[in-house]
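Visitor: Residue numbers (my numbering), protein chains in the order written: chain A, 4 to 304; chain B, 646 to 949.
Even for Gly, the Cβ is constructed at its ideal location relative to N, Cα and C.
Provided herewith is a single structure, encoded as structure tokens, for subsequent inquiry.
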Amino acid sequence: MSMTGSQTMPAGAPLLNVEHLTMRFGGLTAVNDVSFAANHREITAIIGPNGAGKTTVFNCLTGFYSPTVGQLTLNARNSTYLLERMEGYQIAQKAHVARTFQNIRLFPQMSVLENLLVAQHNKLMRASGMSFLGLLGFPGYRKAESAAVEHARYWLDRVNLTHRADADAGNLPYGEQRKLEIARAMCTDPVLLCLDEPAAGLNPTESLELNELLLFIRDEHQIGVLLIEHDMTVVMEISDHIVVLDYGRKIADGSPAFVRNDPAVIRAYLGEEEGDALPPEVVADLAEEKKSNGGGATDPA
Amino acid sequence: MEYFLQQLINGVTLGAIYGLIAIGYTMVYGIIGMINFAHGEIFMIGAFVSLIAFLLMGLVGITWIPLALLLVLLIAMVFTSVYGWTVERLAYRPLRGSFRLAPLISAIGMSIFLQNYVQILQGARVKPLQPVVEGGFNVMQKGDFVVSLSYLQIIIVTVTVVLMASFSLIIARTSLGRAQRACEQDRTMAALLGINVDRTISLAFVMGAALAAVAGLMFVLYYGVIDFYIGFLAGIKAFTAAVLGGIGSLPGAMLGGLLIGLIETFWSAYFTVEYKDVAAFSILVLVLIFRPTGLLGKPEIEKV
């Protein structure tokens with residue numbers, strides 16, 4: 004492997020290792036010395052109040068920002084990549100990190116199917132010898148194209164959008180656009196899927212479907228998922244591991260049971276005095292959980 | 646009637662040339678939102694490369710016209726594409742992310758540079774090419790007036806139609822075209838899906854330049870004389886065509902090219918030749934005032 008920051012992967016390394024990540028914008032420190040690891044075949048959630056620096060972590064991971072300090076190591080498919088040294092598109096192309104956004108960013112004027120085919124661009128370009136050969140109908144390209152369509156169909160089926168394959172992506176209802184975005188990210192054949200608030204704006208039924216989809220991705224496709232989410236029912240239900248940020252610092256890191264009882268987390272969410280930082284149902288949920296767990300669990304992990 | 650038919654034939658031929666150049670404007674605008682004012686000069690370089698290639702064909706003794714034409718076409722496309730790629734690489738890519746006007750100013754600079762470059766290398770005098778394709782049909786005759794359709798006009802229109810059709814297919818059907826459209830709609834997201842956005846943009850310049858080279862070849866065949874300054878007027882007219890059709894829209898560029906060619910020809914035929922450029926540019930002004938999105942352009946939707 005001669006590409007930027009790539010070397011042989013050490014045995015037993017976590018999928019993603021974030022070490023001492025710091026991101027400053029002028030005088031503002033958005034992320035301050037955060038270290039955590041995300042494992043293979045696990046759903047790792049990053050939670051925290053608004054402005055805690057969650058999305059900034061994602062932006063560093065996917066090459067939007069170049070971190071002020073820190074090392075982001077990705078270990079997968081027998082190689083190691085230093086993400087902070089790679090250009091944006093290479094992170095997707097070489098290291099196979101996929102991402103979705105808080106606000107949906109589909110290609111609205113392309114069909115649903117085309118959105119999924121664009122995600123397989125690199126595979127198709129290799130098949131067509133990086134040229135116009137596709138137009139001439141070279142058998143290699145034809146085969147790759149139909150394989151790509153097959154792959155896209157598989158994911159359309161997974162997110163129940165097969166019947167909308169030819170619709171313009173921009174015309175889908177909100178919930179379906181969210182699902183299509185995840186399907187598109189999966190079509191890039193990722194090893195790590197970064198989802199920025201995938202449940203935002205979904206109704207409870209859609210939210211449940213999302214949980215199932217994420218568990219399916221973890222269990223059947225054996226990839227790691229990194230999740231930013233405000234919806235605690237989603238986070239507590241499906242995460243294997245939770246990292247809590249507040250004001251750019253990591254304040255807790257562990258299993259859902261451990262994190263929901265951590266005094267620092269409760270303080271960050273509920274505030275020292277005022278209790279309206281979190282939606283009331285979540286406050287109730289947290290309080291109830293705390294009661295039923297006796298309030299003093301230690302992290303087994 | 647005969648006169649009209651003759652003008653129609655001439656107008657369609659001219660429109661084909663404008664349409665090929667207009668595609669380059671519209672593609673670049675679609676993908677990076679800038680007007681590549683050096684594109685007219687790329688067309689001019691295409692014409693010069695074609696002229697030089699014809700002379701070379703004569704030197705090496707390739708005299709069978711179809712073969713010579715095909716070779717000249719390929720040589721012109723390849724060399725002109727290299728120019729298109731280089732202009733983007735040197736003058737526009739370093740300015741990406743700079744303020745909006747920067748690449749525009751750079752494009753105007755590039756345009757002046759290329760004009761002077763050709764003027765110095767090739768001389769300022771008009772360069773002639775003796776007719777390569779001669780003859781044609783007499784479509785109809787009435788009295789002294791003969792409506793003629795030359796073989797060259799047939800070649801120009803056929804090649805244009807074939808190129809435009811295959812180009813539309815590339816954009817609509819291949820992975821390359823999908824990447825182009827994806828970059829048009831959301832460059833950041835395209836990069837996150839692993840698409841090399843810089844390369845995709847370069848490719849838009851290369852394809853635009855290749856089509857402009859074909860237009861340059863046709864121009865030199867059709868008019869028989871070129872100089873370093875032909876890119877300016879042809880470029881601005883093709884830009885008008887792209888705006889008329891709706892800038893950013895490929896079918897729009899083709900339609901706009903055809904319309905500008907027809908308007909210019911009919912104006913010259915029925916009104917005054919001296920004012921044909923005024924007619925073409927009045928269209929530009931009228932379109933900008935009354936229909937800024939052009940005939941086939943989509944209105945820009947503000948993202949909330």
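Going by the CB atoms, is the gap between B:Phe782 and B:Tyr648 shorter than 8 Å?
Guide: Contact: no.
Visitor: Buried or exposed: which applies to B:Tyr915, given that a residue is buried once 16 or more other Cβ atoms fall within 10 Å of its Cβ?
Guide: Label assigned to B:Tyr915: exposed.
Visitor: Whole alpha helix (DSSP H) runs in the segment 819-849 of chain B with 4 or more residues, listed along the chain?
Guide: Runs found: 820-830, 832-837.
Visitor: Measuring only the C-alpha atoms, how far is B:Ala849 from B:Asp843?
Guide: Whole-angstrom Cα-Cα distance: 10 Å.
Visitor: Are the C-beta of B:Arg826 and some C-beta of chain A separated by less than 8 Å?
Guide: Yes, contact with chain A.
Visitor: Quick one: residues in its chain with C-beta nearer than 7 Å to the C-beta of A:Leu205, no 5 flanking neighbours on either side, listed in chain order?
Guide: Within the same chain, A:Leu205 has close Cβ partners Gly178, Arg181, Leu213.
Visitor: In the structure shown, what three-state DSSP assignment does B:Val778 receive?
Guide: It is coil, neither helix nor strand.
Visitor: Which chain A residues are close to B:Gly839, counting only those with a beta carbon under 7 Å from its beta carbon?
Guide: Residues of chain A passing the Cβ test: Tyr92, Ala95, Gln96, His124, Asn125, Thr191.
Visitor: Does the segment 150-165 of chain A come close enough to the segment 104-121 of chain A to have 3 or more Cβ pairs within less than 8 Å?
Guide: With the cut-off at 8 Å, the segment 150-165 of chain A and the segment 104-121 of chain A touch.
Visitor: Here's a check: name, in chain order, each residue in its chain whose Cβ is nearer than 7 Å to the Cβ of B:Thr845, leaving out the five neighbours to either side.
Guide: Once the five neighbours on either side are set aside, the close Cβ partners of B:Thr845 are Ala824, Gln825, Cys828.
Visitor: Nearest by alpha-carbon distance to B:Val802: which of B:Leu866, B:Leu821, B:Gln830, B:Gly788 is it?
Guide: Minimum Cα distance to B:Val802 is reached at B:Leu866.
Visitor: Between A:Arg161 and B:Phe877, what straight-line distance do the alpha-carbon atoms span, to the nearest angstrom?
Guide: Roughly 54 Å separates the two Cα atoms.
Visitor: Could you tell me how far apart the beta carbons of A:His99 and A:Ala79 are, in whole angstroms, since I believe they sit closer than 8 Å?
Guide: Indeed they touch by this definition, with Cβ atoms about 7 Å apart.
Visitor: For A:Gln93, report the span of its alpha helix (DSSP H) as first-last.
Guide: Taken as a continuous stretch (DSSP letters only), the alpha helix (DSSP H) holding A:Gln93 covers 91-96.
Visitor: Is any beta-carbon of chain A found at less than 8 Å from that of B:Ala858?
Guide: Chain A, which has no Cβ nearer than 8 Å to the Cβ of B:Ala858, makes this no.
Visitor: Along the chain, where does the alpha helix (DSSP H) that runs through B:Gly703 open and close?
Guide: It spans 684-705 - the alpha helix (DSSP H) in which B:Gly703 sits, taken as one unbroken run.
Visitor: If you pair each beta-carbon of the segment 853-864 of chain B with each one of the segment 802-816 of chain B, do three or more pairs fall below 8 Å?
Guide: They touch, by the three-pair rule.
Visitor: With 8 Å set as the bound, which would you pick, yes or no: does the beta-carbon of A:Arg145 sit closer than that to a beta-carbon of chain B?
Guide: Not closer than 8 Å to any Cβ of chain B, the Cβ of A:Arg145 fails to qualify, so no.
Visitor: Shortest alpha-carbon distance to A:Ile46 belongs to which of A:Val194, A:Asp265, A:Arg270, A:Asp249?
Guide: Closest option to A:Ile46, Cα to Cα, is A:Val194.
Visitor: Counting pairs of beta carbons, one from the segment 901-920 of chain B and one from the segment 693-710 of chain B, are three or more of them closer than 8 Å?
Guide: The segment 901-920 of chain B, when compared against the segment 693-710 of chain B, does not touch it at the 8 Å Cβ threshold.
Visitor: Give a yes or no on whether the minimum CB-CB distance between A:Arg102 and chain B is below 8 Å.
Guide: Judged by the 8 Å Cβ criterion, A:Arg102 is in contact with chain B.
Visitor: Given this structure, state the Cα-to-Cα distance separating B:Ile690 from B:Ile676, to the nearest angstrom.
Guide: Whole-angstrom Cα-Cα distance: 23 Å.
Visitor: With DSSP run on the structure shown, which of helix, strand or coil describes A:Glu148?
Guide: Three-state result, A:Glu148: helix.
Visitor: Can you tell me which residues form a DSSP beta bridge with B:Pro773?
Guide: B:Val870, per the DSSP bridge assignment.
Visitor: Against chain A, does B:Ser820 count as a neighbour if the rule is that its beta carbon must be under 8 Å from one of theirs?
Guide: Chain A, which has a Cβ nearer than 8 Å to the Cβ of B:Ser820, makes this yes.
Visitor: Is it right to say B:Trp912 is buried, meaning 16 or more other beta carbons lie within 10 angstroms of its own, or is it exposed?
Guide: By the 10 Å Cβ count, B:Trp912 comes out buried.
Visitor: Could you tell me whether any Cβ in chain B is nearer than 8 Å to the Cβ of A:Arg88?
Guide: No, because no Cβ of chain B sits closer than 8 Å to the Cβ of A:Arg88.
Visitor: Name, going along the chain, the residues of the segment 841-857 of chain B whose beta-carbon falls closer than 7 Å to a beta-carbon of chain A.
Guide: For the segment 841-857 of chain B, which is checked against every Cβ of chain A, the residues closer than 7 Å are Asn841, Val842.
Visitor: Where does A:Gln180 sit, in a helix, a strand or coil, going by DSSP?
Guide: Here A:Gln180 sits in helix by DSSP.
Visitor: Spell out the partners DSSP gives B:Met785 in its beta bridges.
Guide: Per DSSP, B:Val792.
Visitor: Are the C-beta of A:Ser69 and some C-beta of chain B separated by less than 8 Å?
Guide: A:Ser69 does not count as touching chain B.
Visitor: Does any residue of chain B bring its CB to less than 8 Å from the CB of A:Leu120?
Guide: Output row for A:Leu120: interface = yes.
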